[in-house]
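As structure tokens, the structure follows; a few thoughts come after it.
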Amino acid sequence: MNKKVHRDTLIIHEGHDPHDHQDSLAVPLYQTSTYVFPDAATGAARFAGEQEGNIYSRLTNPTVKVLEERIASLEKGAGALAFGSGMAAVSAALVHTTKAGDHILCSRGIYGCTFGLLNIMEEKYGITHDLIPMKSEEEIERHVRPETAVIYVETPVNPTMEVADLRAAVNVARRHGLKVIVDNTFCSPYIQNPIEFGVDFVLHSATKYINGHGDVIAGLLIGADEEEIAKIRMTVQKDYGGIISPFDAWLMIRGLKTLAVRMERHTSNAEAVIGYLKTVPAVREVHYPLDPDHPDVEIAKRQMNAGGGIFSFTLDGGVEEVQIFLDELRLVKLAVSLGDAESLIQHPASMTHSPVPEEERKEMGINDSMIRFSAGLEHPDDIIADLDAAFKALKKRTPATATE
Ligand SMILES: *Cc1c(COP(=O)(O)O)cnc(C)c1O
């Protein structure tokens with residue numbers, strides 16, 4: 003597609019020419035496991051890599067191909083691969099870029115299962131890691147070792163909303179010949195494009211904003227270099243096998259079409275709810291990357307073009323108060339995951355981050371009264387009314403702590 007059109011237009015059209023598919027406006031669903039070779043010589047030529055064409059759906063599928071081309075374009079990459087989950091994309095990226103004995107530098111507070119994967123890699127292959135805040139080149143540089151191979155960045159960090167500096171990570175990586183991988187799930191390509199900062203790979207839990215409708219688990223890996231992506235397709239993806247199903251790719255293409263309008267509403271709803279929370283005496287702190295009071299706001303402004311739909315806040319009180327508050331909510335749903343049409347709320351210390359030892363959790367800045375919120379697409383007044391009713395009930399039940 004003509005790359006001069008706007009991103010909002012690419013989201014809808016990139017990678018699909020109706021005239022290649024029986025003039026179908028919607029991307030057709032190719033629900034097939036395998037493909038019929040017209041003759042034996044063609045089959046042999048496809049296996050030899052001498053002729054383009056489909057062989058088997060673990061390698062390529064026409065529906066999946068549209069999704070891959072579209073996301074590559076949105077992330078300003080040269081190629082992309084779709085996976086059956088965000089974690090399959092994370093593991094493919096890390097398996098591709100490391101070997102036994104290597105070291106990985108990670109931003110502090112990464113996704114719980116990525117943390118789990120790093121521990122597996124350490125136990126099985128001696129691939130060690132350090133979790134560090136990535137706010138400056140000096141800070142990152144200090145932790146680089148002779149065996150460091152990868153800088154793995156998640157920004158903003160879940161659920162503290164700390165921001166890592168993409169430019170600093172890339173500058174250090176260039177000096178030492180390291181690969182940089184960024185988990186861009188919280189921003190979606192609508193808000194942040196790490197490849198523009200020089201990173202090598204961007205990945206998504208497409209389960210979240212990219213699909214946006216809470217009905218598919220999937221992952222995407224985008225590369226700045228087309229050959230690297232082709233290599234992963236024919237090695238780690240093909241042989242570990244964590245591919246997406248054609249139907250899930252089809253749903254993903256359908257969900258992705260509204261990304262631009264959804265991200266605008268997610269962001270404005272988050273801002274409206276934050277504005278309300280700042281007036282509530284029982285709320286101690288709110289963490290949102292583009293909030294003027296956020297300690298990393300200057301870094302955030304350089305790399306994010308909007309604040310997005312996710313923030314966290316802390317209550318005056320502990321686990322007991324948090325549970326009373328959460329149980330009073332009716333419209334806002336108590337659930338992990340994020341980026342859906344429904345507003346979702348969860349308690350990291352007892353839910354997503356409960357596998358992280360308490361000491362480490364505290365070090366990451368996650369305390370027992372922290373709550374994570376994913377603003378949905380409802381009317382903002384209704385979200386606020388639900389929260390307000392829960393705060394009033396909390397105050398009634400705990401008059402000593404929730405002062406007004
Ligand atoms: C959800 C999530 C993942 C894992 O993705 P799945 O699709 O659940 O496998 C990875 N990183 C972040 C930041 C996430 O929020």
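The sequence shown begins at 3 in my numbering and counts up one residue at a time.
All C-beta atoms, glycine included, are put in the ideal place defined by N, C-alpha and C.
Reduced DSSP secondary structure (H/G/I, E/B, other) of residue i
{"i": "M372", "result": "strand"}
{"i": "Y58", "result": "strand"}
{"i": "K394", "result": "helix"}
{"i": "K259", "result": "coil"}
{"i": "D185", "result": "strand"}
{"i": "H21", "result": "helix"}
{"i": "F39", "result": "coil"}
{"i": "V159", "result": "coil"}
{"i": "K335", "result": "strand"}
{"i": "S270", "result": "helix"}
{"i": "H112", "result": "According to the sequence provided, residue 112 is Ile. The question's His does not apply to it. I112 falls in the coil class under three-state DSSP."}
{"i": "I301", "result": "helix"}
{"i": "T405", "result": "Confidence at T405 is low in this model, with a pLDDT of 47, below 50, so the placement of that residue should be treated as unreliable; the coordinate-derived value is given next. Residue state, collapsed to three classes: coil."}
{"i": "I245", "result": "strand"}
{"i": "S352", "result": "coil"}
{"i": "S138", "result": "coil"}
{"i": "R147", "result": "coil"}
{"i": "K126", "result": "helix"}
{"i": "L340", "result": "coil"}
{"i": "G216", "result": "coil"}
{"i": "D293", "result": "coil"}
{"i": "G88", "result": "helix"}
{"i": "Y192", "result": "helix"}
{"i": "M306", "result": "coil"}
{"i": "A175", "result": "helix"}
{"i": "Y278", "result": "helix"}
{"i": "H381", "result": "coil"}
{"i": "P359", "result": "coil"}
{"i": "K6", "result": "coil"}
{"i": "P30", "result": "coil"}
Cβ-heavy atom distance, residue i to ligand 1, below 7 Å
{"i": "D435", "result": "Nothing in the structure corresponds to residue 435, since the chain is present only between 3 and 406."}
{"i": "L69", "result": "no"}
{"i": "M89", "result": "yes"}
{"i": "C108", "result": "no"}
{"i": "S407", "result": "Past the edges of the chain, shown from 3 to 406, lies residue 407, and the structure says nothing about it."}
{"i": "I219", "result": "yes"}
{"i": "Y113", "result": "yes"}
{"i": "N213", "result": "no"}
{"i": "V92", "result": "yes"}
{"i": "T65", "result": "no"}
{"i": "N160", "result": "yes"}
{"i": "K210", "result": "yes"}
{"i": "T44", "result": "no"}
{"i": "E156", "result": "yes"}
{"i": "S207", "result": "yes"}
{"i": "L133", "result": "no"}
{"i": "L340", "result": "yes"}
{"i": "T116", "result": "yes"}
Within 8 Å, strictly: CB atoms of residue i and residue j
{"i": "V321", "j": "S356", "result": "no"}
{"i": "F85", "j": "I246", "result": "yes"}
{"i": "Y453", "j": "N160", "result": "With the chain represented from 3 up to 406, any question about residue 453 goes unanswered, as that position is not in the structure."}
{"i": "A343", "j": "G311", "result": "no"}
{"i": "A151", "j": "H105", "result": "yes"}
{"i": "L205", "j": "A95", "result": "yes"}
{"i": "A232", "j": "G79", "result": "no"}
{"i": "T162", "j": "H289", "result": "yes"}
{"i": "I193", "j": "A171", "result": "no"}
{"i": "T36", "j": "Y58", "result": "yes"}
{"i": "A166", "j": "M123", "result": "no"}
{"i": "A91", "j": "G221", "result": "yes"}
{"i": "M306", "j": "P291", "result": "yes"}
{"i": "I134", "j": "L168", "result": "no"}
{"i": "S345", "j": "G378", "result": "yes"}
{"i": "V275", "j": "P382", "result": "yes"}
{"i": "H215", "j": "G243", "result": "no"}
{"i": "R9", "j": "L76", "result": "yes"}
{"i": "F327", "j": "L340", "result": "no"}
{"i": "G449", "j": "E164", "result": "What the structure shows of the chain is the stretch from 3 to 406, and residue 449 is not part of that stretch, so it cannot be assessed."}
{"i": "L83", "j": "I234", "result": "yes"}
Beta bridge counterpart(s) of residue i as assigned by DSSP
{"i": "E287", "result": "T316"}
{"i": "G81", "result": "G225"}
{"i": "I106", "result": "H131, V152"}
{"i": "F203", "result": "I183, G225"}
{"i": "L346", "result": "K335, S376"}
Proximity test, Cβ basis, 8 Å: residue i and chain C
{"i": "A43", "result": "Of the chains in the structure shown, none is chain C; there is only one protein chain."}
Residue i Cβ short of 7 Å to ligand 2 heavy atom set
{"i": "E273", "result": "Absence of ligand 2 is noted for the structure shown, with ligand 1 being the only ligands found."}
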